[in-house]
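Sequence order for the protein chains is U and F.
For the first sequence, the positions run 12 to 346 when my numbering is used.
For the second sequence, the positions run 4 to 290 when my numbering is used.
From the three backbone atoms N, C-alpha and C, an ideal C-beta is built for every residue, glycine too.
Model, not experiment: these values are computed from the prediction.
Below is one structure, written out as structure tokens; the observations come after it.
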Amino acid sequence: MGGCCVSAMLLIRALRDPDSIASLSGDAWNGLIAAARAERLIGTLAFRLEGIAVPDAVLPILDDARAEAARERALTLWEADRARVALAHLGVPVVLLKGTAYAAAGLSAGRGRFIGDLDILVPRDALDDVEAALLAAGWEWVKPDPYDDAYYRQWMHELPPLIHRERDRMIDVHHTILPLTARQTPDAAAMLADSVMLEDGLRVLSAEDRICHAAAHMLADGDLAGGLRNLWDIDCLLAELPEGAQLQERAARHGLRAHVRQAVRLAAHVYGAGAALRVADRMIVARLLARNGWGQETRKILRFGFYLRSHWLRMPPGMLARHLFTKWRKGHRPG
Amino acid sequence: MRYAIGLRIGPASFRVGSAWEAPIAQLARLYRDYPAPEDGIADFTVRLEPAKPWRRFVRPSVFITGDHGLADAAPMALAHGLLAAEMGMNLQMALGWRRHLLLHASCVEKDGRALVMTGESGSGKSTLAALLGERGWRLMGDEFALLDLVTGEVFAFPRLISLKNAAIAVMEAEVEAGRFGPLLKATAKGGIRHLVPRGDAVARMNEGAVPALLLFPRFGFTPEVRGVGQGEVFMRLTQASTNYTALGEAGFLALSRFVGEVPAWAIDFSSGDEAIALVERLWGDVA
């Protein structure tokens, strides 16, 4: 595999089999830590390595990462609670998505996970009320650009991001899980209807829908940046899928059957017992591993290919050309 | 990365990688008496990369990043590569360090007790610490003072002292030539020259000290000493800390204790000798 991805391989191996770190050299540790930080998996790694003998110099690094993850978790849950209070009078279901959901529901994918923004899903017909309620409770727009704002409202699966003026935390309000321009049209109403209520009244997606969302997010939307972490989420979610779950049927309902199957193969290959990969799977694995021992991105051409693919997935060609031209004129450059 | 060095400064260790040889060679010379990271494992990775692939050769331009980075950081000329490396290490501390409350302050020690000086860039805190470091005090750092979250002690981060503009000549008159880095002309902050701290600062860099006096120096004014209330001290130190918010309750408790126990004064001065006279007088009152 060469120097382009040794540290990404080390990271995967350490997450799969924590005891594998026993014989690492100092330099390998540096590469592992840099890759884990760059992939935002350092907290996850720190929890996986808890209780395992590591060199003295590594101990405080992992302690810091665990403390940071605990703080992140507390901030995230507080932010979710603030959103709950701000939206309570509307009487609409508020479904937590991604990292916040994993933390709130106590799922293994949430252990040590970097979270960042708060993502929620609400019914599409409640979107205006939700927006007004959040603005009234102290959230503000962050996108000053009228093109971006109009683009979000017309084509995206979420409102333009809002940021809270006192707490400086971002919220993404979704009404479905993929852009409206994507080829798949997940059944957001079914996701809301089958969501599971937590103790405080906030909700999370059903076990099957969590996987459908994670697979759609990783494979049908975006350029695979953060892919190793997304795939780790999927691997954890699959391991916690309850007996009798109807994952494939559910995926088919959302038009995500191929994506979920691919996610299952990739998770088994990268973090699990192995799987027979297809050509497209191998391309994705090559992209996921593109990180060197200094935490730098490698395989620039492959990355750029996936960047183009992300736009291709998101919108039809004519619209894509128009969009890229507008962004280019505004000075945006990929990479 | 083509060129690399590992080094330890106080409790923090770094590996600095660079696409060019010069910044690493300069670090190797100036940090030659500093230890390497324990087991070769560094707390932080710093990278000096070409801003664009061709900018490694054509008008070389250094982008500073690492484990922690700022996407919109302005690239620097390769002639300022040493400064870039220093800024890269500071950036990791400012954004990533969680083992102490980080105060943007200079710090010197005598008899196991620490004098902490904080203020805006240009306040003279760095020059004052450098001067005191040559006149009987141990320099603990000119950029960060590390406040222990449990014991309340201050720990050292004695990186190279970053002298700016007029401070360069002041210290050139005080210190032998071999301890200076190259003069970096026309940086974003004017002329900059790095100074290697005295041997005792490096040899004793793991030793903490009990904070005994906090000063808010201000260069360029008629000499004066003013009291500063605890509320104001607290607020100013939260602003001078890069990780106060990130540390949550532990940071609040450590800072409350510091503010409650350490007497604080604002001092104005117009020359180094005035400043040192004021410092020694105030130190005499708390010693």
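Taking every protein chain shown into account, the CB of Met330 (chain U) has fewer than 16 other CB atoms within 10 angstroms, so this residue is exposed.
Here Ile23 (chain U) is buried, its C-beta having at least 16 other C-beta atoms within 10 Å. Bounds of the alpha helix (DSSP H) holding Glu283 (chain F) are Gly275 to Val289.
Across the structure, Val141 (chain U) and Leu98 (chain U) are spaced so that their CA atoms are roughly 7 Å apart.
In the DSSP assignment, the residues bridged to Gly20 (chain F) are F:Ala7 and F:Arg50. Gly69 (chain F) is bridged by DSSP to F:Val49.
Out of U:Ala115, U:Ala147 and U:Pro155, the CA that lies nearest to the CA of Leu209 (chain U) is found in U:Ala115.
Less than 8 Å divides the Cβ of Ala278 (chain F) from the Cβ of Gly127 (chain F). Distance from the CA atom of Glu175 (chain F) to the CA atom of Tyr34 (chain F), rounded to whole angstroms, is 19 Å.
For Met4 (chain F), the nearest CB of chain U lies under 8 Å from its own CB, placing it at the interface with that chain. Following the DSSP letters along the chain, one finds Ile44 (chain U) inside the alpha helix (DSSP H) bounded by residues Gly37 to Ala49.
In the same chain as Ala77 (chain F), and ignoring 5 residues on each side of it, the C-beta atoms closer than 8 Å to its own belong to Ala191, in chain order. For Asp38 (chain U), the neighbours in chain F by C-beta distance under 7 Å run, in chain order, Gly43.
Looking from the CA of Trp305 (chain U), the closest CA among U:Ser31, U:Leu70, U:Leu203 and U:Ala45 belongs to U:Ala45. Residue nearest to Thr196 (chain U) within the set U:Glu177, U:Arg261, U:Leu146 and U:Leu101 is U:Arg261 (criterion: CA-CA distance). If you draw a 10 Å sphere on the C-beta of His270 (chain U), you find 16 or more other C-beta atoms in it, and that means buried.
Pairing Ala227 (chain U) with Leu267 (chain U) gives a Cβ-Cβ distance under 8 Å. Annotation for Ala257 (chain F): Leu104, Leu150 and Leu152 place their beta carbon closer than 6 Å to its own, counting only its chain and skipping 5 residues before and after. With the rule of 3 Cβ pairs closer than 8 Å, the region 92-107 of chain U does not count as touching the region 64-73 of chain U. At least one beta carbon of chain F lies nearer than 8 Å to the beta carbon of Gln307 (chain U).
Under the three-state reduction of DSSP, Gly193 (chain F) is assigned to strand. Apart from sequence neighbours up to five positions away, the residues of its chain that approach Met167 (chain U) with a beta-carbon distance below 8 Å are Pro190 and Leu191, ordered along the chain. Within the model, the alpha-carbon separation for Pro14 (chain F) versus Phe60 (chain F) is close to 36 Å. Setting aside the 5 residues that flank it on each side, Val103 (chain U) is surrounded in the same chain by Val133, Pro134, Ala137, Asp140 and Val141, each with a C-beta closer than 8 Å to its C-beta; the list follows chain order. Chain U places no beta carbon closer than 8 Å to that of Arg221 (chain F), leaving this residue out of the contacts.
For the region 54-81 of chain U, the set of residues with a beta-carbon nearer than 8 Å to any beta-carbon of chain F comprises Pro66, Asp67, Ala68, Val69, Pro71, Ile72, Asp75, Ala78 and Glu79, in chain order.
Listed in chain order, the non-local C-beta contacts of Val106 (chain U) below 7 Å within the same chain comprise Ile131, Leu132, Leu203, Ser206, Arg214, Val215 and Leu216, local neighbours out to five positions each way being set aside. Taking the C-beta atoms as reference points, Tyr37 (chain F) is found no nearer than 8 Å to Val157 (chain F).
Looking at the DSSP output, Gly144 (chain F) bridges to F:Cys110. Closest option to Arg196 (chain F), judged by alpha-carbon separation, among F:Ala172, F:Gly122 and F:Asp114: F:Ala172. About 12 Å separates the CB atoms of Leu300 (chain U) and Ala49 (chain U); that is not less than 8 Å, and the two are not in contact. For Arg116 (chain F), the uninterrupted beta strand (DSSP E) run begins and ends at Arg116 to Thr121, by DSSP. Annotation for Ile44 (chain F): no beta strand (DSSP E) segment contains it, and DSSP assigns it neither H nor E.
With respect to the 8 Å criterion, Ala28 (chain F) and Val19 (chain F) are not classified as neighbours on the basis of their beta carbons. Residues of chain F with a Cβ closer than 7 Å to the Cβ of Ala45 (chain U) are, in chain order, Thr48 and Asp70. For Thr337 (chain U), the CB contacts under 7 Å within the same chain, skipping 5 residues up- and downstream, are Tyr158 in chain order.
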